[in-house]
Amino acid sequence: MGISDSPSLWQDCRQFLDYCGYLNRSPQTVCTYRQMLTDLVRYCEKTKRQVARVEDLTLPVITAFLAWKRTHTSASTLAKYASCLRSMLRYFSLHEDRDVLVYDKVQLPKLQRHAPRNVPTAEDIVHLFRSIPQDSPQGKRDRALVMLFFSTGLRLAELCALDRADLPIERLGSDQLLQIIIRGKGDKDRPVFLQQGAQLAVHEYLATREDEFPPLFIRYRPGKSAEDDAEDKEKRLSPRMVRKIITQHARRSGVGHLAPHALRHGFAVDLLRNDVNLRVIQELLGHSSLSTTQIYTHLVNRALADAVRHRADPAG
46 MGISDSPSLW QDCRQFLDYC GYLNRSPQTV CTYRQMLTDL VRYCEKTKRQ VARVEDLTLP
106 VITAFLAWKR THTSASTLAK YASCLRSMLR YFSLHEDRDV LVYDKVQLPK LQRHAPRNVP
166 TAEDIVHLFR SIPQDSPQGK RDRALVMLFF STGLRLAELC ALDRADLPIE RLGSDQLLQI
226 IIRGKGDKDR PVFLQQGAQL AVHEYLATRE DEFPPLFIRY RPGKSAEDDA EDKEKRLSPR
286 MVRKIITQHA RRSGVGHLAP HALRHGFAVD LLRNDVNLRV IQELLGHSSL STTQIYTHLV
346 NRALADAVRH RADPAG
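So, in structure tokens, the structure goes:
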């Protein structure tokens, strides 16, 4: 049985997703929720659990589902699944007055925050940028990706969601800093700033575009132009594609293993090393809690300790 033919549990899930759209949640959030709830419905079907509607989502069912997801997903992703289920239960309880499980009985897993590893320096980014060939539209696109990431500290999903209309195209390269507004996690808007190098890289990339597709970053297929490739009307680069692009270029450049999120880490650490206030960095990154931003201080402190450790000891 296909997911679209599933019993009313999926219809309840769709009702919740429609509500998220009504609240003007970001398309990325709705898409993520849809995938998570699809996993839930398929799990119930696969395990033959008697879950025909949202009222049948008991705590043992949800706990078993999250335990199943835990075997092949990270702790942070598991927390997102739990948060999604809590949101849906809360919606049906408060807005539909249905007899569902009390949402706060679904506990969010505790996450241990670790200082990120393999954080690139500004010098690493320059080396990576210069190593990407610029003799093709793909190369110019990839250079713009790297520079935009490091200049703004965007999340991967935020970068993929960017449209050309989100940038004042006519001003690219004319200002030392160019402000744009990003809709980030929790559907909160925040300002980010493009340095002039990033502006010029994006401008050079867009100069190669002859299409009218809305996404800022589009995919290319070998032997086909963007117009010829009609499988995807928008041609938007997916997070998986961006991850592959950056890791491949980083490996070829000699920078080593580098994930897209590492560019966001590098942005934050670079600001800290330039004595930018932690609260300002929190705002630029879109962190809801200062404790999340404080992780980066451990990296800077570790670098300072290493510098002292390798300093000549006057006592011999």
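First residue of the sequence shown? That's 46 in my numbering, and the numbers climb one at a time after it.
Glycine is no exception: its CB is placed at the ideal position from the N, C-alpha and C atoms.
ask   = Where does I177 sit, in a helix, a strand or coil, going by DSSP?
value = On the sequence shown, residue 177 is found 132 positions in, with the first residue counted as 1. I177: coil per DSSP, three-state reduction.
query = Does the beta-carbon of D169 have 16 or more other beta-carbons within 10 angstroms, so that it is buried, or is it exposed?
reply = By 1-based counting over the sequence shown, the position of residue 169 is 124. Looking at its Cβ environment, which holds 16 or more other Cβ atoms inside 10 Å, D169 is buried.
inquiry  = So for Q236, helix, strand or coil by DSSP?
reply    = Within the sequence shown, residue 236 is the residue found at index 191, counting from 1. The amino acid occupying residue 236 in the given sequence is Pro; Gln does not appear at that position. The DSSP-derived three-state label of P236 is strand.
task = Counting only runs of 4+ residues fully inside the segment 61 to 130, write out the alpha helix (DSSP H) ranges in chain order.
result = 72 to 91 and 104 to 115
Where D208 sits in the DSSP three-state scheme = In the sequence shown, residue 208 corresponds to position 163, counting from 1. In this structure, D208 counts as strand in the three-state DSSP scheme.
query = For D320, is the classification buried or exposed, using 16 other Cβ atoms within 10 angstroms of its Cβ as the cut-off for buried?
reply = If you number the sequence shown from 1, residue 320 lands on position 275. That one is exposed.
task = Identify the continuous alpha helix (DSSP H) that holds I291 and give its terminal residues.
result = As a working mapping, residue 291 is identified with position 246 in the sequence shown. I291 -> alpha helix (DSSP H) spans P284 to S298.
request  = Return the chain-ordered list of same chain residues with a C-beta closer than 8 Å to the C-beta of L62, the five sequence neighbours on each side being excluded.
outcome  = Here residue 62 corresponds to residue number 17 of the sequence shown, with the count starting at 1. Excluding positions up to five away in sequence, the list reads V75, Y78, R79 and L82.
key: Continuous alpha helix (DSSP H) stretch holding L193: start and end   = To locate residue 193, count along the sequence shown from 1; it is residue 148. L193 -> alpha helix (DSSP H) spans P182 to T197.
query = Buried or exposed: where does S219 fall if 16 or more other Cβ atoms within 10 Å of its Cβ makes it buried?
reply = Along the sequence shown, one-based indexing puts residue 219 at 174. When all chains shown are included, S219 counts as exposed.
inquiry  = Quick check on this structure: which residue in L316, S176 and R94 has the alpha carbon closest to the alpha carbon of V300?
reply    = One-based indexing of the sequence shown puts residue 300 at position 255. Of L316, S176 and R94, the residue nearest in Cα terms is S176.
Among S119, E203 and H294, nearest to L329 - alpha-carbon criterion = Along the sequence shown, read from residue 1 onward, the residue named residue 329 stands at position 284. Ranked by Cα distance from L329, the first of S119, E203 and H294 is E203.
ask   = Nearest CA to the CA of L308: which residue from P72, V287 and L323?
value = The count along the sequence shown starts at 1 and reaches residue 308 at position 263. Checking every option, the nearest Cα to that of L308 belongs to V287.
key: Straight-line gap, L222 to G198 (C-alpha atoms, nearest Å)   = Translated into positions along the sequence shown, residue 222 becomes position 177. Translated into positions along the sequence shown, residue 198 becomes position 153. Between L222 and G198, the C-alpha separation is close to 14 Å.
request  = Apply the 10 Å Cβ neighbour rule to L153 and answer buried if 16 or more other Cβ atoms are within range, or exposed otherwise.
outcome  = As a first step, residue 153 must be located in the sequence shown, where it is residue number 108. A residue is called buried once 16 or more other Cβ atoms fall within 10 Å of its Cβ, and L153, having fewer, is exposed.
request  = Quick one: grab the DSSP three-state call for Q152.
outcome  = For the purposes of this step, residue 152 is taken as the residue at position 107 of the sequence shown. Secondary structure of Q152 (DSSP, three-state): coil.
request  = Determine the DSSP secondary structure at P305, reduced to helix, strand or coil.
outcome  = Here residue 305 is taken as the residue at index 260 of the sequence shown, counted from 1. Here P305 sits in helix by DSSP.
ask   = With 16 as the cutoff for other CB atoms within 10 Å, does G144 come out buried or exposed?
value = Mapped onto the sequence shown, residue 144 falls at position 99. Note on identity: in this sequence residue 144 is Asp, with Gly being the wrong assignment. Under this definition D144 is an exposed residue.
query = If you pair each beta-carbon of the segment 98 to 109 with each one of the segment 223 to 232, do three or more pairs fall below 8 Å?
reply = no
ask   = Three-state secondary structure (DSSP) at R266?
value = Taking the sequence shown and counting its residues from 1, the one referred to as residue 266 is at position 221. Strand.
query = Looking only at its own chain, which residues have a Cβ that is under 8 Å from the Cβ of R235, when we skip the five neighbours before and after it?
reply = Position 190 of the sequence shown, counted from the first residue, corresponds to residue 235. Contacts found: I226, I227, G229, E328, L329 and G331.
inquiry  = DSSP three-state label for Q339, please.
reply    = Locating residue 339 in the sequence shown gives position 294, where the first residue counts as 1. In the structure shown, Q339 sits in coil (DSSP, three-state: anything other than H, G, I, E or B).
ask   = Closest by CA to A313, which one among K185, Q339, Q293 and K289?
value = Sequence index remark: in the sequence shown, residue 313 carries index 268 (1-based). The residue with the shortest Cα to Cα distance from A313 is Q339.
key: Reduced DSSP secondary structure (H/G/I, E/B, other) of L223   = On the sequence shown, residue 223 is found 178 positions in, with the first residue counted as 1. Three-state result, L223: strand.
key: C-alpha gap between A275 and R94, whole angstroms   = Within the sequence shown, numbered from 1, the residue matching residue 275 stands at position 230. Within the sequence shown, numbered from 1, the residue matching residue 94 stands at position 49. For A275, the pLDDT reaches just 48, beneath the cut-off of 50, and the residue's location in the model is therefore unreliable, leaving the point undetermined.
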